[in-house]
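Chemist: Quick one: structure below, then a few questions.
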C-alpha cells in the first residue's frame with residue numbers, strides 16, 4: 001500500500017531495461033519482463049527477504065523464474081538491488097561468456113537459485129525448495145530459534161502450466177500441504193502460437209484447487225499494486241496449502257504491440273522503444289538508464305535485507321550455544337562437506353560373501369550410511385519395494401495432519417511422477433542443506449530427461465537409484481528394459497552414470513556420487529543377484545574403471561559393467577578351457593570418472609597391444625571409445641525369465657567367448673594394436 | 001441390463017485366467033485384471049464393436065489398456081472372443097518369444113492397438129486415436145455413409161493419472177472436445193507404495209472437469225454392472241466432451257489379499273487361488289479352465305461384430321461407387337502406401353540456390369507435399385513460427401464451435417506439451433489413416449523420450465520436426481542447446497535420426513521417413529542458414545551417408561552432418577592451402593540408414609587406408625563407430641550469437657583443420673589403416 005511515483009518509476013525502469021537489453025543483443029523475450037514488472041516490484045520490495053551482498057544466506061526467501069525466457073526481469077532486479085551484476089553485464093545480455101545468458105543459469109550468476117528456461121521445471125524446482133525449507137525447519141528450528149522460515153516464490157506462465165512436469169510437482173505440493181510456497185501465474189493469454197485459446201482452455205484455478213492449492217485471482221496485474229500486495233499477503237497467511245495467484249497481465253505492457261505474441265520472443269523495434277520511454281517519462285535518447293531514486297528505493301530494501309541477515313546471524317550464533325551439534329551440522333551441510341569418516345560406514349565385501357542384487361546392495365548402503373549422513377533425503381516414484389530405497393524405520397516426509405509422517409521425515413513418497421521427482425530433487429539440492437536421491441526403474445529415468453539435464457547443467461548433487469537396469473529385469477519385457485538409456489546419460493555432460501558389478505562397486509558408486517559436490521549421478525542397479533567378485537575393491541571401482549582380472553600374455557581384454565562382469569569371469573574360464581585363450585577383465589562402472597583419470601592409468605587398464613571387447617546387455621553406442629569390438633544389444637529386449645532372456649541374446653560364457661575368439665582372430669593380423677585411449681587430439685570439455 | 005449367472009461366470013473366468021497365468025509364469029500383475037473384470041465385461045460385451053477375425057477393421061472401436069501391467073485382462077478377453085490368441089498363448093504369458101509379453105505390444109499381438117506399460121502413455125495414445133477418428137470422420141464421412149464413427153475406450157489407473165504426460169494429453173483432449181473418447185479410471189486406491197493416500201490425494205473428478213471433461217462416478221465397480229452400463233451409455237451420449245468414469249473397484253477382487261498392494265504386482269499363492277476358484281464355483285483343481293457357456297456368450301458378441309463389419313463392408317462398397325476418390329484414398333492409406341509419384345513433389349536444389357535454414361527447407365517440403373499426401377497431419381508444441389511446421393493456408397484441427405478451425409483440419413495446436421504430443425502422435429499413427437508429424441526444438445524431444453521410445457518399439461511412422469538442433473540456435477543458450485540428444489536417439493533401436501546438411505538432404509530425410517512404414521524419424525534441423533552443397537543429391541542422402549567430396553590420394557576423411565558439413569567444405573580448402581593436405585568429405589545424415597547399406601558400400605564411403613575424423617557440434621558419443629577421431633562438444637554450450645558460439649568451440653575452417661592435421665599426423669605411422677566399418681563380428685539386431 002502507499003505506492004508512489006517512485007515505485008512506478010522503478011517498475012518502468014525494469015521494463016525499459018528489458019526492452020533495451022533485448023534490443024541491444026537483438027535477441028530475447030521482452031514481453032514477460034514488461035508484463036510482470038509490477039508484480040516483481042511488489043514481491044521483491046514489499047515481501048522478499050534477501051541480502052544482495054550474500055546471495056547464499058540460508059534463510060533468504062527463494063525466488064524462481066519458471067518462465068526463464070523472461071530472465072531480463074530477474075537480471076534487471078538483481079542489478080537494481082545491488083547483486084554482483086552490473087549495467088555492463090546487462091549490456092552483455094545473451095553474449096558469449098556473460099553472466100547474463102539467454103536463460104538463467106544458477107552456477108554462473110549470483111542470485112539465481114536454479115537454472116530455468118525449459119518450461120515446467122522452475123515451478124517444480126520451487127516445490128523442491130519448499131520441501132527443503134519445511135524439512136530443514138522441522139529438523140533444525142527450536143523454540144525461539146526459527147532458523148529457517150523463508151518462503152519460496154515462483155513466477156510461471158502458460159507454458160509452464162501446460163507441461164506435465166509442473167502438474168506432477170504441483171499435485172504432490174498440494175498433497176504435502178506446502179504453505180511456504182507461493183506461485184504467481186502470469187495469465188497473459190499469449191503463448192508462441194498466439195492466443196492461448198488455440199490450445200489451452202482448461203480452468204487453471206479449478207485444476208489447482210483440485211490439487212489442494214489455495215488460489216487467488218488478481219484481475220489487473222498491470223496497475224493494481226495494492227491488489228497484488230493483498231493477494232500475496234493472503235497467500236502468506238494460508239499455512240497448510242501452497243498458493244497460486246492467477247494474475248491477469250498484459251504481455252509487453254507499454255509496447256505498441258502489447259498483448260500480442262509479437263512481443264513474446266523478439267526485441268521491440270527502435271521506434272517502439274522510443275514511444276515506450278516517452279510514455280513512461282524516460283529520456284528516449286538514453287539506454288540502460290536508471291534514475292538514482294530507483295537505486296535508492298531498492299538499496300533501501302537491500303539494506304533491510306542485510307540487516308535482517310545480521311539479526312539472523314546473531315540468532316544463529318546464540319543457537320550455536322544452545323544447540324551446538326545442530327549448529328555445527330547446519331554449517332557443515334551448507335558447505336556441502338560430509339562428516340569426517342562417514343565413508344567408514346560403507347560396506348565392503350569379499351568373494352565369499354553371498355550373491356546379492358545390486359539394488360539390494362544399494363539398500364544396504366543406504367541402511368548403513370543414513371544415520372551418519374542426516375542430509376540424505378530419499379524417495380521413490382512409487383517403486384519403494386522394487387527400488388529398495390527406504391531404510392528400515394525411515395519416517396515419511398508427510399504433513400503431520402495425515403498421520404503418515406512429519407516434515408522431519410527423510411523419505412518422500414513421490415508417486416508415479418519421475419519427471420516431477422527429478423525436478424523436485426533439483427530444488428532440494430539447490431536449497432543447500434540436503435542431498436537428495438530418488439528411485440525408479442532405469443528405463444523411466446528417461447521420463448525425467450528434462451530434469452536430469454538441468455541437474456547436470458546446474459551442477460547439483462543428486463542421485464538416481466535406477467534399478468531394474470537391463471533385460472535382466474526379465475518378464476516385464478521390452479517396454480521396461482533399457483537399451484539406449486546408458487548411452488543417453490553417458491553422453492550428457494557432467495553426469496556420472498554408474499553400473500556397479502557387485503557390493504564393493506556399489507559402495508564405490510555411492511562414495512563418488514556423494515563426494516562429488518557438483519555432479520549428479522545415476523546408479524544403475526540390477527534386479528537379479530550378483531556374486532561378490534574377486535579383485536573388486538571400493539578404491540579400484542572409485543576410479544571408474546580398473547583391471548578386475550589380470551593375466552600375463554593376455555590375448556584379449558573383456559571390458560564390462562554391472563551384471564555382465566560376472567559372466568565375463570565365467571567366460572575367462574571358458575576361453576581358457578575351450579579355446580586356450582587368455583583373457584583379462586576390466587570392470588568399468590563409470591565412464592565419466594574413468595575419463596578423469598590420468599592417461600597413464602587409463603592406458604594401464606586398456607593397454608596397447610591387445611584387442612578389447614566390451615560386454616554390456618544394451619546399446620553398444622559409446623563403447624567404441626574404449627574397446628575395439630563391442631558385444632551388446634542394438635534392438636529391443638524380450639519378455640521372459642531373466643536367464644532365458646540372457647540366453648536368447650547369448651550373454652552367456654559361451655556367447656561371450658564366441659565373440660572374444662572372433663575378436664582375437666580379427667585383430668591377429670594387426671601389428672602394434674593401438675588402445676582406443678590414444679587419441680590424435682584432446683576433446684574439448 | 002439383465003445380467004445373468006453366465007455374465008458373472010465370464011467375469012470370474014477372466015479373474016481366474018489372470019490368477020492362473022500369473023501363477024503359471026510366476027510373474028505379473030493379477031490385481032488390476034481381477035478388479036476390472038466386471039467393467040471389461042460390460043464394455044466389451046455390451047458396447048464394443050469389433051471383429052476378432054479382422055482385428056484391423058477400420059471402424060472397430062479402439063480399446064487401450066493404459067495400465068498395461070494389467071495385460072492379462074486384455075489377453076484373457078482376446079482369447080475368449082476368439083482372436084488369434086490360444087489358451088497355450090496364455091500359458092506362455094511372460095515367456096520369451098510369446099505373443100503374451102509382460103506388457104501389451106501392438107506389433108506382435110492381434111487385437112492390441114498400442115504398446116502400453118510405461119504409465120500415462122496409453123490414455124495419451126487414446127487421445128491420439130480419438131483425434132484420428134474425428135479427423136477421419138470429418139474427412140471421409142458423407143451423407144448416409146458414416147464410414148468411421150467408432151469410439152475409443154481406455155482403462156487407466158492411479159499411476160497413469162499421476163504421470164504428467166496424461167495431464168498434457170487430457171487437457172488437450174478437453175480443449176478439442178473429443179466426445180468419442182471414454183476413459184475408465186480404475187479407482188482402486190492402491191499403488192505400489194501402498195494406499196494412494198501417501199502421495200495422490202488430489203480431486204481427480206475436479207481436475208478432469210477443469211480440463212473440460214464430462215465425469216461420472218460409479219461407486220461399486222465390483223458388483224454394479226447395471227451402474228457401469230448406465231455410466232458408459234451416458235458418456236456415449238455426451239458428444240462435445242471426452243468422458244471419464246471414475247470407477248471404485250477392489251484390486252485383486254476375490255483374493256484373500258484383495259484391496260491391498262499385495263495383489264498388485266505378484267501372483268497369488270496357490271491356496272489363495274484355490275479358495276478363489278471355490279468361491280467362484282470353479283473347480284479348484286483346474287487351471288486355465290473356460291466353461292463353454294462363456295465361450296458361447298463371447299462368441300455371440302464376436303459374431304455380431306463380424307456381422308457389423310460385413311454390413312460396413314457393404315456400405316463401404318457403395319460409398320466407393322458414389323465417392324470413388326475418397327474410397328480409393330482410404331484403402332490406400334490403410335495399407336500405408338503413398339500415392340504413386342508423390343516424391344516428384346520433393347524439392348531439389350543446386351549449389352547456385354541460396355542458403356536457407358534447414359527448418360525452412362523442411363517447411364518448403366511440407367508446403368510442396370501436403371496436397372499430394374493428404375494423410376499428413378502435423379502440428380507443433382507451441383513453436384509453430386520457429387519450427388515452421390505449418391503450411392500456408394493450413395486449417396487447424398479444432399472443434400468447429402471455436403471458430404478456429406474444424407475437425408477436417410490437418411494442423412494440431414498441441415500447446416507446450418512435447419510428451420503429450422509424442423504420445424498422441426503414436427495414437428494418430430496407430431489409427432491407420434494418418435501419418436503424423438510434430439514440431440519442437442530438438443532439445444525438447446527429450447521431454448518426450450518415453451513416447452519416442454514407444455514409437456520405435458511399436459514400429460509406427462511418426463516424424464519429429466526437431467528444429468534449433470544445436471549450439472547454432474545461439475542466444476537461447478545451454479538450456480536449449482542439445483549436446484546428448486542425437487546420441488540418445490541414435491542409440492534407440494528402430495529410430496531414424498536425420499540431420500540434413502542442405503535442401504537435397506532435407507528432401508531425402510522426408511523421403512525415407514515417409515516411405516519407411518515401421519520406423520519413426522527425428523529430423524534435426526538448423527535455425528541458421530545453410531548453403532546448398534556441391535555433391536549432395538536426394539538419392540545419395542537417402543543412403544544415410546555418402547561421399548560429398550572426393551579427392552584422389554586423400555590424406556583424411558572428414559565425416560560430418562547438418563550445419564557442420566558446409567564448414568568442412570571450407571576446411572577442405574583451408575587444409576589444401578595452408579597445410580597441403582587433401583581431405584575428402586562424407587556427409588552422414590542418418591546413422592541408422594547408413595548402417596542398413598551393404599558393407600561394400602559402407603567401405604566405399606569410409607574406406608580402409610585413410611584416417612577419418614567426425615565433425616559435429618555435440619557429443620562425440622557414437623562417432624567412434626564410424627571414424628578414427630572425433631571433433632565434438634562434450635560439455636554444455638554457450639549463450640551468444642551463433643557465429644560467436646561456433647567460434648568459441650572452434651567449429652571453423654581453421655578449428656577443423658587444426659584437428660584434421662593432428663589426425664593425419666597421429667595416424668601417419670600406422671600401416672594399413674583399418675576403416676571402423678570392419679568388425680570382428682556382426683552386431684545382434
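Protein chains in written order, with full-length UniProt numbering: chain Y, 1 to 685; chain U, 1 to 685. Ideal Cβ positions, reconstructed from N, Cα and C, are used throughout, including at glycine.
#1: Run through chain U and tell me which residues come within less than 7 Å of residue 621 (chain Y), C-beta to C-beta.
#2: Buried or exposed for residue 1 (chain Y), going by 16 or more other Cβ atoms inside 10 Å?
#3: What does the Cβ neighbour count give for residue 12 (chain U), buried or exposed, with the cut at 16 atoms within 10 Å?
#4: Please return the same chain residues whose Cβ sits closer than 6 Å to the Cβ of residue 499 (chain U), not counting the five positions on each side in sequence.
#5: Quick one: list the residues of chain U neighbouring residue 683 (chain Y), beta-carbon separation under 8 Å, in chain order.
#6: Hey, residue 251 (chain Y) and residue 32 (chain Y): beta-carbon distance below 8 Å or not?
#7: Spell out a yes or no on whether the region 545-552 of chain Y and the region 515-529 of chain Y are touching, meaning 3 or more CB-CB pairs, one atom from each, closer than 8 Å.
#8: What residues in the region 236-247 of chain U have a beta carbon less than 9 Å from any beta carbon of chain A?
#9: How is the beta strand (DSSP E) around residue 466 (chain Y) delimited, first residue to last?
#10: Would you kindly work out how many angstroms separate the C-alpha atoms of residue 441 (chain U) and residue 321 (chain U), rounded to a whole number?
#11: Give a yes or no on whether the minimum CB-CB distance between residue 383 (chain Y) and chain U is below 8 Å.
#12: Rounded to the nearest angstrom, what separates residue 287 (chain U) and residue 275 (chain U) at their Cα positions?
#13: Taking all protein chains shown into account, decide if residue 475 (chain U) is buried (16 or more other Cβ within 10 angstroms of its Cβ) or exposed.
#14: DSSP three-state label for residue 470 (chain Y), please.
#15: Would you kindly report the start and end of the unbroken beta strand (DSSP E) that includes residue 563 (chain Y)?
#16: Do you know how far the Cα of residue 156 (chain U) is from the Cα of residue 67 (chain U)?
#17: With a threshold of 8 Å, are at least 3 pairs of Cβ atoms found where one atom belongs to the region 207-226 of chain U and the other to the region 202-221 of chain Y?
#18: For residue 123 (chain U), decide whether its Cβ has a neighbour in chain Y, counting only Cβ atoms nearer than 8 Å.
#19: How about residue 420 (chain Y): is its C-beta nearer than 8 Å to some C-beta of chain U?
#20: Please classify residue 401 (chain U): is it buried, with 16 or more other beta-carbons within 10 angstroms of its beta-carbon, or exposed?
#21: CB of residue 543 (chain U) to nearest heavy atom of the ligand MN: below 7 Å?
#22: Provide the residue(s) that pair with residue 437 (chain U) in DSSP beta bridges, ordered along the chain.
#23: At a cut of 8 Å, does the region 302-316 of chain Y reach the region 93-100 of chain Y through at least three beta carbon pairs?
#24: Could you confirm whether any beta carbon from chain Y is found closer than 8 Å to the beta carbon of residue 165 (chain U)?
#25: By Cβ distance, which residues of its chain are closer than 6 Å to residue 431 (chain U), with the 5 residues on each side in sequence left out?
#26: Please classify residue 371 (chain U) as buried or exposed, where buried requires at least 16 neighbouring CB atoms within 10 angstroms.
#27: Can residue 465 (chain U) and residue 386 (chain U) be called in contact, C-beta distance under 8 Å?
#28: Kindly give me the distance between the Cβ atoms of residue 10 (chain Y) and residue 298 (chain Y), rounded to whole angstroms, as I take these residues to be in contact under 8 Å.
#29: Using only alpha-carbon positions, find the residue among U:187, U:266, U:236, U:238 that is nearest to residue 246 (chain U).
#30: Please identify the residue among Y:405, Y:268, Y:533, Y:292 whose C-alpha is closest to the C-alpha of residue 354 (chain Y).
#31: List the residues that DSSP assigns as beta-bridge partners of residue 246 (chain Y).
#32: Hey, out of Y:381, Y:411, Y:648, Y:538, whose CA is closest to residue 391 (chain Y)'s CA?
#33: Take the Cβ of residue 139 (chain Y) as the centre, count every other Cβ of all protein chains shown within 10 Å, and call the residue buried at 16 or more, exposed below.
#34: Taking 8 Å as the CB-CB limit, is residue 497 (chain U) close to chain Y?
#35: Given that a residue counts as buried once 16 or more other Cβ atoms are within 10 Å of its Cβ, and exposed if not, what is residue 311 (chain U)?
#36: For residue 277 (chain U), decide whether its Cβ has a neighbour in chain Y, counting only Cβ atoms nearer than 8 Å.
Modeler: Inspection of the coordinates gives the following:
#1: Within chain U, the residues near residue 621 (chain Y) are 487, 490, 491, 621, 622.
#2: Residue burial is scored here from C-beta neighbours: residue 1 (chain Y) has fewer than 16 other C-beta atoms within 10 angstroms and is therefore classed as exposed.
#3: If you draw a 10 Å sphere on the C-beta of residue 12 (chain U), you find 16 or more other C-beta atoms in it, and that means buried.
#4: 524, 561, 562, 589
#5: 620, 630, 632, 634
#6: yes
#7: Cβ pair count under 8 Å is below three, so no.
#8: Of the chains in the structure shown, none is chain A; the protein chains are Y and U.
#9: 463-467
#10: 45 Å
#11: yes
#12: 13 Å
#13: buried
#14: coil
#15: Note, residue 563 (chain Y): premise wrong, no beta strand (DSSP E); not H, not E.
#16: 5 Å
#17: yes
#18: no
#19: yes
#20: exposed
#21: The ligand MN is not among the ligands present in this structure, which contains no ligands whatsoever.
#22: U:463
#23: Flag = no, the region 302-316 of chain Y and the region 93-100 of chain Y do not touch.
#24: With 8 Å as the cut-off, residue 165 (chain U) counts as an interface residue toward chain Y.
#25: 129, 132
#26: exposed
#27: no
#28: 7 Å
#29: The residue from U:187, U:266, U:236, U:238 with its alpha-carbon nearest to that of residue 246 (chain U) is U:187.
#30: With distances taken between Cα atoms, residue 354 (chain Y) lies closest to Y:533.
#31: Y:185, Y:217
#32: Y:411
#33: buried
#34: no
#35: Exposed.
#36: no
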